[in-house]
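Enquirer:
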Amino acid sequence: MARAMVPQQIVGRSGGILLHPTSLPGRFGIGDLGPAANAWVRTLAGAGQTWWQFLPLGPPAEEDSPYKCFSAFAGNPMLISPELLIEDGLLEPAQLKGVSFPADRVNYARVVPWKTQLLCIVWERFLGGAASALRTDFEEFRRQESDWLDDFSFFMALREAHDCKPWLNWPRALKMRDPDALREASRALADEVGRHCFLQFLFFRQLESLRQSAHAQGVRFFGDLPIFVALDSADVWAHPHLFLLDSRRRPKVVAGVPPDYFSKTGQLWGNPHYDWPAMRRDGYAWWIARFRAALAQADLVRIDHFRGFAGFWAVPAHHVDARRGRWMQGPGIRLFQSVGRAIGGLPFVAEDLGYITPDVVALRDDLRLPGMKILQFAFGDGPSNTFLPHHYHPNAVVYTGTHDNDTTHAWYESLPAKQAAFVRRYVGCDGDRIVDELIRLAWSSVADRAIVPLQDVLNLGGAARMNVPGKAAGNWRWRATAQQVHPRRLERLAEMTEAYGRRALPVPTPPVAT
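Quick note on this note's numbering: the sequence shown kicks off at 36 and runs consecutively.
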């Protein structure tokens, strides 16, 4: 199964919707890559949308967050569609009868154990001879993806064998990757390793089928790549020399951001930092592989926390907050030059929000990457605010808000009177349909790409917010109902897309280098 699909450039103006697959409707407790996703692609195509933007698709390691995953390369098995497994002969319809989950929220505490058990049944059926036509493709997938798949599947099997404890709490020989201990564990856990490999095969098989269908209808995938990886990940365990770790494999410094308007103590994320000199010595091979993997999932990729490639805030690992960190130099343009040469271009968007210094702007502009413009950030400082559309240039992506913002309806309702008045004056309306008018403002702007969260298309309140930064629990749970993703809900957006010339046409480009 060839995962490296051909990325496609989009000529001219385009629009799209931000909706994570977990938020799709369906009866199995969490959105997935099956029939509801295919129906969503058809809805996007019918409304003239070019982009389906989603959050990272990896397996969450902490707090259900797609930005803290067990691997920078793997897919989330919770997104595997049970209905497509029935089509493959890996499940029987009777095994899905009587399933009942909330329709408007992902209850991870219930969904994850249920689906994990279901996927164990799938693996046992495959070992027993079910879906034998998939065997050759599975073996080819294991061969093609062995560079990351072997480490990830072994890591997950080891984690299960040690009561799902972080790898830093494993026996020393396994934590430090003693060759004899690894060989013994590999023999003992061969079945579990095979299961995790098979689940990755199923995930990428379903994703590739969905993406091919989307391409045929003119819809392109807009993915997301977090700059950092989780400490408890296969990446750090398997490649400790690429991270700033001490002799016990614990981080020397961790990621975060310094104190700012939002937090007097800064934000302490806890991710280990990269050893950039070590990465440079091997030609940034890990990053080239990571970007290539991202483009096997999406046609365009947002790089989260882009500023970290220019300079990053490093906090001593023993500190309880981010106040006493220091700025350290990132890899800069050399990394992206290496990536561009390897994959034949840089189809990326720079997440250039937050504390942005001139070196970050220079790096973004030298690479000619689009930046992000957020309308919810535009109305606090008068006409000089650079998030206002009269400051835009075409090489940008404009949003009403992102997954980290409240819904635009709730945001507007919470504004001070003076600021709300400026919004109405700038948009030119009385406030009755303020969310629609802000979407219109984005769609009419000169920015080449315009994206709106589905929550804003539906004019939903704060209960539909996807994430509250800094909040440890309760995020990433919102789901749309079948009625909310009905094509008629996108009719006004379709009209704006036509009126403002955002029906784009794809132009094929050369294949990604493999």
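C-beta: ideal position from N, C-alpha, C; glycine also.
So what does DSSP say about Met363, is it helix, strand or coil?
Expert: strand
Enquirer: Determine the burial state of Met211: buried for a count of at least 16 other Cβ atoms within 10 Å of its Cβ, exposed for fewer.
Expert: exposed
Enquirer: At 4 residues or longer, what runs of the alpha helix (DSSP H) sit wholly inside the stretch 78-155?
Expert: 117-123
Enquirer: DSSP three-state label for Gly343, please.
Expert: helix
Enquirer: Quick check on this structure: which residue in Asp267, Val147, Val254 has the alpha carbon closest to the alpha carbon of Leu193?
Expert: Asp267
Enquirer: Mind checking Lys103: buried by the 16 CB within 10 Å criterion, or exposed?
Expert: With 16 or more other Cβ atoms within 10 Å, it is buried.
Enquirer: Less than 8 Å between the C-beta atoms of Asp483 and Pro429, yes or no?
Expert: yes
Enquirer: Could you spell out where the beta strand (DSSP E) holding Gln179 opens and where it closes?
Expert: That residue, Gln179, is in no beta strand (DSSP E); its alpha helix (DSSP H) goes 170-179.
Enquirer: Indicate whether Met113 and Ile156 have their beta-carbon atoms separated by less than 8 Å.
Expert: no
Enquirer: Find out if the Cβ-Cβ distance for the pair Val289, Trp311 is shorter than 8 Å.
Expert: no
Enquirer: Keeping to the same chain, check which residues put their C-beta closer than 6 Å to that of Phe414; ignore five residues upstream and five downstream.
Expert: Correct list, in chain order: Gln454, Phe457, Val458.
Enquirer: What are the start and end residues of the alpha helix (DSSP H) that includes Phe256?
Expert: Taken as a continuous stretch (DSSP letters only), Phe256 belongs to no alpha helix (DSSP H), being part of the beta strand (DSSP E) at 255-260.
Enquirer: Report yes if the CB atom of Leu398 is closer than 8 Å to the CB atom of Leu381, and no otherwise.
Expert: It is not a contact, given that the beta carbons lie outside the stated cut-off.
Enquirer: I need the DSSP call for Gly305, collapsed to helix, strand or coil.
Expert: strand
Enquirer: Does DSSP put Phe278 in a helix, in a strand, or in coil?
Expert: In the structure shown, Phe278 falls within a strand segment according to DSSP collapsed to helix, strand and coil.
Enquirer: For Val432 and Phe341, what's the separation of their Cα atoms in angstroms?
Expert: Val432 and Phe341: Cα-Cα distance of roughly 15 Å.
Enquirer: By Cβ distance below 7 Å, which residues in the same chain neighbour Ala548 in space, the five residues on each side in sequence not counted?
Expert: Any answer about Ala548 is weak, because its pLDDT of 46 lies below 50 and its placement is not dependable; what the coordinates show is given next. Around Ala548: Ala377, Ile378, Gly379.
Enquirer: Taking only three categories from DSSP, how would you classify Ala431?
Expert: strand
Enquirer: Taking the alpha carbon of Ala507 as the point to measure from, which residue in Phe256, Ser100, Asp465 has its own alpha carbon closest?
Expert: Ser100
Enquirer: Less than 8 Å between the beta carbons of Ala331 and Gln235, yes or no?
Expert: no
Enquirer: Assess contact between the stretch 509-522 and the stretch 44-61, defined as three or more Cβ pairs (one per stretch) separated by less than 8 Å. Is contact present?
Expert: yes
Enquirer: If you draw a straight line from the alpha carbon of Gly346 to that of Tyr535, how long is it in whole angstroms?
Expert: 38 Å
Enquirer: Determine, using beta-carbon pairs with one atom in the stretch 321-340 and one in the stretch 259-278, whether at least three such pairs fall under 8 Å.
Expert: Yes: at least three Cβ pairs fall under 8 Å.
Enquirer: Distance, Cα to Cα, Gln247 vs Ser49?
Expert: The C-alpha of Gln247 lies about 19 Å from the C-alpha of Ser49.
Enquirer: Asp505: which of Trp149, Leu224, Lys299 sits nearest, CA to CA?
Expert: One detail in the question is off: residue 505 reads as Gly in this sequence, not Asp. The shortest Cα separation from Gly505 among Trp149, Leu224, Lys299 belongs to Lys299.
Enquirer: Which ranges does the alpha helix (DSSP H) cover as unbroken runs of at least 4 residues, wholly within the stretch 472-519, from first to last along the chain?
Expert: 489-492
Enquirer: Leaving out five residues on either side along the sequence, give the residues of the same chain with a beta carbon under 6 Å from the beta carbon of Ala539.
Expert: Excluding sequence neighbours, Ala539 sits near Ile45, Gly47, Ser49, Thr85.
Enquirer: Taking the Cβ atom as the reference point for each residue, do Val470 and Asp491 lie within a distance shorter than 8 Å?
Expert: Using a Cβ distance threshold of 8 Å, Val470 and Asp491 count as a contacting pair.
Enquirer: Per the contact definition of three or more C-beta pairs closer than 8 Å, is the stretch 123-143 in contact with the stretch 64-78?
Expert: yes
Enquirer: In angstroms with no decimal places, state the Cα-to-Cα distance between Pro546 and Val146.
Expert: Bear in mind that a pLDDT of 49 at Pro546, under 50, signals an unreliable position, so the number given afterwards is only what the model happens to contain. Pro546 and Val146: Cα-Cα distance of roughly 38 Å.
Enquirer: Determine the contact status of Gly291 and Gly360, defining contact as a CB-CB distance below 8 Å.
Expert: yes
Enquirer: Beta carbon of His354, beta carbon of Ala313: below 8 Å?
Expert: No, Cβ-Cβ distance for His354 and Ala313 is not below 8 Å.
Enquirer: Near Asn306, what residues of its chain come up, given a Cβ to Cβ distance below 7 Å and the 5 sequence neighbours on each side ignored?
Expert: Phe263, Val264, Ala265, Leu266, Val289, Ala290
Enquirer: Mapping the DSSP letters down to three states, classify Pro351 as helix, strand or coil.
Expert: In the structure shown, Pro351 adopts extended strand secondary structure according to DSSP, grouped into three states.
Enquirer: In the DSSP assignment, find the alpha helix (DSSP H) that holds Ile368 and state where it starts and stops.
Expert: 368-378
Enquirer: Can you tell me whether Cys232 is buried or exposed? The criterion is at least 16 other CB atoms within 10 Å of its CB, across all chains shown.
Expert: buried
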